[in-house]
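Just so you know, the protein sequences line up as chains A and B, in that order. For the first sequence, position 4 matches number 44 in the working numbering, and the numbering has no gaps at all. For the second sequence, position 26 matches number 29 in the working numbering, and the numbering has no gaps at all. Think of the CB as a built atom: it goes at the ideal place given N, C-alpha and C, for glycine as much as any other residue.
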Amino acid sequence: MAAVPDRGYVTIDTEECKGCGLCLEACPPRCLEFEPELNAYGVRPARYLGRGCTGCGICFYACPEPGAITVYRVAPPPKSAGTATGEASHAPAL
Amino acid sequence: MSDYQVVQSKSPVFYNRYERKSELQHQTHYCSGCGHGIAHKLVAEALSDMGLQDRTIFVSPVGCSVFAYYYFDVGNVQAAHGRTPAVATALKRARPESIVIAYQGDGDLAAIGTAEILHAANRGEKFTVFFVNNAIYGMTGGQMAPTTLVGQTSTTTPWGRRPSNEGFPLHMAELIATLEAPVYVERVALCDNKNIMRARKAVRKAIELQRDGVGFSFVEILSPCPTIWKMTPNEARQWVADKMVPVFPVSVFRDRKPPAIENGGPRQISVIELLGLGEFSPAVEEPVAPRSGRRNLTIKIAGFGGQGVLLLGQVLAEIGLREGLEVSWLPSYGPEMRSGSAHCHVCLSTEPVGSPLVEHPDVLMAMNEISLRKFAPQVVSGGVVIYNRDALPADFAVRQVRVSCVPASELADQLGAAKAANMVMLGALIELTHVLPREQALAVLETTLHDGALLEIDRRAIDAGIDFVRKAAVPAA
Ligand SMILES: Cc1ncc(C[n+]2csc(CCOP(=O)(O)OP(=O)(O)O)c2C)c(N)n1
Ligand code: SF4
Ligand code: SF4
Numbered sequence: 041m042a043a044v045p046d047r048g049y050v051t052i053d054t055e056e057c058k059g060c061g062l063c064l065e066a067c068p069p070r071c072l073e074f075e076p077e078l079n080a081y082g083v084r085p086a087r088y089l090g091r092g093c094t095g096c097g098i099c100f101y102a103c104p105e106p107g108a109i110t111v112y113r114v115a116p117p118p119k120s121a122g123t124a125t126g127e128a129s130h131a132p133a134l
Numbered sequence: 004m005s006d007y008q009v010v011q012s013k014s015p016v017f018y019n020r021y022e023r024k025s026e027l028q029h030q031t032h033y034c035s036g037c038g039h040g041i042a043h044k045l046v047a048e049a050l051s052d053m054g055l056q057d058r059t060i061f062v063s064p065v066g067c068s069v070f071a072y073y074y075f076d077v078g079n080v081q082a083a084h085g086r087t088p089a090v091a092t093a094l095k096r097a098r099p100e101s102i103v104i105a106y107q108g109d110g111d112l113a114a115i116g117t118a119e120i121l122h123a124a125n126r127g128e129k130f131t132v133f134f135v136n137n138a139i140y141g142m143t144g145g146q147m148a149p150t151t152l153v154g155q156t157s158t159t160t161p162w163g164r165r166p167s168n169e170g171f172p173l174h175m176a177e178l179i180a181t182l183e184a185p186v187y188v189e190r191v192a193l194c195d196n197k198n199i200m201r202a203r204k205a206v207r208k209a210i211e212l213q214r215d216g217v218g219f220s221f222v223e224i225l226s227p228c229p230t231i232w233k234m235t236p237n238e239a240r241q242w243v244a245d246k247m248v249p250v251f252p253v254s255v256f257r258d259r260k261p262p263a264i265e266n267g268g269p270r271q272i273s274v275i276e277l278l279g280l281g282e283f284s285p286a287v288e289e290p291v292a293p294r295s296g297r298r299n300l301t302i303k304i305a306g307f308g309g310q311g312v313l314l315l316g317q318v319l320a321e322i323g324l325r326e327g328l329e330v331s332w333l334p335s336y337g338p339e340m341r342s343g344s345a346h347c348h349v350c351l352s353t354e355p356v357g358s359p360l361v362e363h364p365d366v367l368m369a370m371n372e373i374s375l376r377k378f379a380p381q382v383v384s385g386g387v388v389i390y391n392r393d394a395l396p397a398d399f400a401v402r403q404v405r406v407s408c409v410p411a412s413e414l415a416d417q418l419g420a421a422k423a424a425n426m427v428m429l430g431a432l433i434e435l436t437h438v439l440p441r442e443q444a445l446a447v448l449e450t451t452l453h454d455g456a457l458l459e460i461d462r463r464a465i466d467a468g469i470d471f472v473r474k475a476a477v478p479a480a
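As structure tokens, this is what we get:
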């Protein structure tokens with residue numbers, strides 16, 4: 041019974057993350073949590089639950105660290121790739 | 004299996020690794036949950052999306068964001084406290100094609116730097132200001148800022164800010180929007196997802212307006228400071244929404260075309276043209292073929308105020324410049340200014356000068372005994388000390404340096420011009436180091452002194468220094 045694949049996922053650099061928890065609260069489907077283990081700096085970094093991500097990118101903008109979070113989304117079908125506005129990045133529509 | 008693509012990741016406008024403390028080069032120095040990081044990311048994203056990275060100069064303030072230059076891989080300048088708009092004005096006027104970002108905290112912009120920001124805005128300087136308002140002095144540990152809320156405690160308002168004693172919070176966005184010139188003024192808040200996206204739009208718009216040469220743009224960013232507010236990051240974000248936004252409403256306060264100004268801006272001309280230095284430009288611009296021997300020299304000149312110490316440094320730098328060398332001149336205003344002593348640092352080099360500070364000079368020119376005792380131990384081994392007396396003090400010795408005692412003040416007295424002692428020292432330096440030619444020294448003096456009699460005295464003083472060193476070099480029979 042194959043589950044419908046999620047629209048996105050995130051990776052978190054556990055040594056850049058400062059464990060502030062802003063992404064946990066910001067994530068609409070609540071698919072982030074703290075790791076149980078401390079990282080080298082003694083904080084619990086955030087991690088992805090492994091399911092539920094929509095690839096919306098909101099956690100990226102909530103996070104103060106430049107490179108702690110990377111957001112992935114299902115590649116769009118070729119015809120809709122690129123936007124007419126010239127805005128290169130995919131901002132969540134809010 | 005679906006194909007995924009990266010939609011958000013670290014902006015290329017940030018360095019890969021940050022040149023800071025070795026164990027912390029992959030994260031910023033900001034506290035966990037600090038709004039500065041979010042503001043940085045919005046600016047970086049806008050610059051890279053618009054392809055402006057290589058044209059950008061970021062001016063960091065004094066405050067927690069003083070180290071922004073560790074992160075932004077663009078041109079960087081760090082300004083003195085509150086002076087960011089003044090520095091940005093100079094950069095933008097000198098380089099109109101650059102994108103100049105002035106980034107300031109509320110202590111920086113609204114307290115010590117109030118004059119700078121208001122006048123830059125009023126002149127309609129065509130750069131962009133990002134004003135991070137966290138209602139407190141962060142870096143120094145939580146003193147009241149002009150934007151601290153009524154009733155908010157801080158180390159300097161332990162019972163809460165009272166308007167009767169400390170006045171009301173300053174509304175900078177509103178204030179700036181009362182001026183004629185600014186084209187865009189908005190306040191945004193990093194308090195929830197929606198508002199962060201609004202901030203993102205405002206940041207982009209402000210930079211776009213600069214890119215298009217429209218005018219002064221200003222975005223005030225209400226920003227959490229969990230550390231000083233003594234809150235968790237999520238509580239701090241909520242506090243921005245609950246406490247700051249009611250006092251500092253998020254809104255667009257100005258969005259219009261610049262007022263039509265008759266008779267355009269100032270004419271752009273080169274510095275050389277402006278200063279009327281046309282006739283010198285060949286000497287400045289054509290590199291002079293290096294003369295034989297060493298041309299790199301770091302010099303410290305020290306003495307009492309009035310002995311022409313700073314002037315001598317300037318003359319040396321000017322001679323070097325006309326010789327096609329890279330030069331720097333740094334006067335020192337240490338605490339000892341109070342005792343009336345003065346010193347300056349001069350670098351002459353065939354390479355660009357990294358730091359104008361000379362800690363271990365090749366040459367010390369000591370105009371008095373105090374300077375000799377203080378600075379001679381700093382001279383590099385193999386270096387030279389030129390001392391303004393005919394002998395070293397009896398109890399004083401320096402090792403591994405060449406000491407040349409040149410009684411410059413005495414020789415100048417004999418020429419009837421005590422003030423020319425510094426020029427006697429210059430002659431001694433010319434003869435001892437062979438780095439700068441006598442002719443160039445005279446040429447510099449000719450263009451700086453307009454009095455023929457003074458020029459003649461200085462010429463004789465320089466020659467007296469040269470002669471004295473030459474004679475001293477001949478061993479006494
Ligand atoms: C001329 C001068 N005066 C005072 C200071 C001390 N000082 C350093 S940071 C700061 C205030 C910074 O507050 P703010 O601009 O709000 O920035 P934040 O740290 O909150 O981001 C002060 C007063 C200084 N460095 N230089
Ligand atoms: S917002 Fe960033 S720094 Fe904070 S917990 Fe999430 S990943 Fe870590
Ligand atoms: S003290 Fe405040 S403003 Fe400074 S880095 Fe920490 S949270 Fe940010």
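In whole angstroms, what separates the C-alpha of residue i from that of residue j?
i	j	result
Pro104 of chain A	Asn125 of chain B	33 Å
Phe221 of chain B	Ala320 of chain B	40 Å
Leu64 of chain A	Val330 of chain B	54 Å
Asp398 of chain B	His29 of chain B	54 Å
Phe307 of chain B	Ala411 of chain B	14 Å
Thr450 of chain B	Gly78 of chain B	36 Å
Val90 of chain B	Val80 of chain B	8 Å
Ile433 of chain B	Gly144 of chain B	52 Å
Asn237 of chain B	Gly36 of chain B	8 Å
Phe75 of chain B	Phe471 of chain B	55 Å
Tyr33 of chain B	Glu73 of chain A	22 Å
Val83 of chain A	Glu56 of chain A	11 Å
Val65 of chain B	Gln107 of chain B	8 Å
Ile120 of chain B	Pro88 of chain B	6 Å
Gly107 of chain A	Ser51 of chain B	15 Å
Ser482 of chain B	Ser14 of chain B	Given a span of 4 to 480 for chain B in the structure shown, any question on residue 482 of chain B remains unanswerable.
Gly357 of chain B	Met234 of chain B	43 Å
Lys208 of chain B	Val16 of chain B	18 Å
In chain A, what lies closer than 9 Å to residue i by C-beta?
i	result
Arg203 of chain B	Tyr101, Ala131
Lys44 of chain B	Phe100, Tyr101, Cys103, Pro104, Glu105, Pro106
Thr301 of chain B	Going along chain A, no residue has its Cβ under 9 Å from Thr301 of chain B, so there is no contact; the nearest lies around 39 Å.
Ala47 of chain B	Pro106
Tell whether a beta-carbon distance below 8 Å holds between residue i and residue j.
i	j	result
Ala475 of chain B	Val427 of chain B	no
Gly59 of chain A	Ala102 of chain A	no
Asn425 of chain B	Leu351 of chain B	no
Ile460 of chain B	Ala423 of chain B	yes
Leu212 of chain B	Ala202 of chain B	no
Val388 of chain B	Ala394 of chain B	no
Gly48 of chain A	Gly90 of chain A	no
Gln489 of chain B	Thr110 of chain A	In the structure as shown, chain B starts at 4 and stops at 480, and residue 489 of chain B therefore has no counterpart that could be examined.
Ile302 of chain B	Val361 of chain B	yes
Gly38 of chain B	Asn137 of chain B	yes
Arg259 of chain B	Val186 of chain B	yes
At a CB-CB cut-off below 8 Å, which residues of chain B make contact with residue i?
i	result
Arg113 of chain A	Tyr7, Gln8, Val10
Can you list the residues of chain A that residue i reaches, using a CB-CB cut of under 8 Å?
i	result
Lys233 of chain B	Residues of chain A passing the Cβ test: none, with the nearest at roughly 15 Å.
Ile41 of chain B	Tyr101, Ala102, Cys103, Pro104
Find the residues of chain B that neighbour residue i, judging by a C-beta separation of less than 7 Å, and give them in chain order.
i	result
Cys60 of chain A	Ser35, Gly36, Pro236
Ile52 of chain A	Simply none; closest approach about 12 Å.
Gly95 of chain A	Val10
Ala66 of chain A	Asn196
Taking DSSP as the reference, what is the three-state secondary structure of residue i?
i	result
Asp466 of chain B	helix
Thr451 of chain B	helix
Ala420 of chain B	coil
Ala475 of chain B	helix
Asp46 of chain A	coil
Lys13 of chain B	coil
Val274 of chain B	helix
Arg190 of chain B	strand
Arg113 of chain A	strand
Trp332 of chain B	strand
Gln8 of chain B	strand
Val222 of chain B	strand
Leu62 of chain A	helix
If the cut is a Cβ gap below 7 Å, which residues of chain A does residue i touch?
i	result
Ala431 of chain B	Within chain A, no residue comes near Ala431 of chain B; the closest Cβ sits about 55 Å away, beyond 7 Å.
Arg240 of chain B	Leu62
**Asked** So, do the stretch 175 to 182 of chain B and the stretch 113 to 129 of chain B have three or more beta carbon pairs nearer to each other than 8 Å?
**Response** yes
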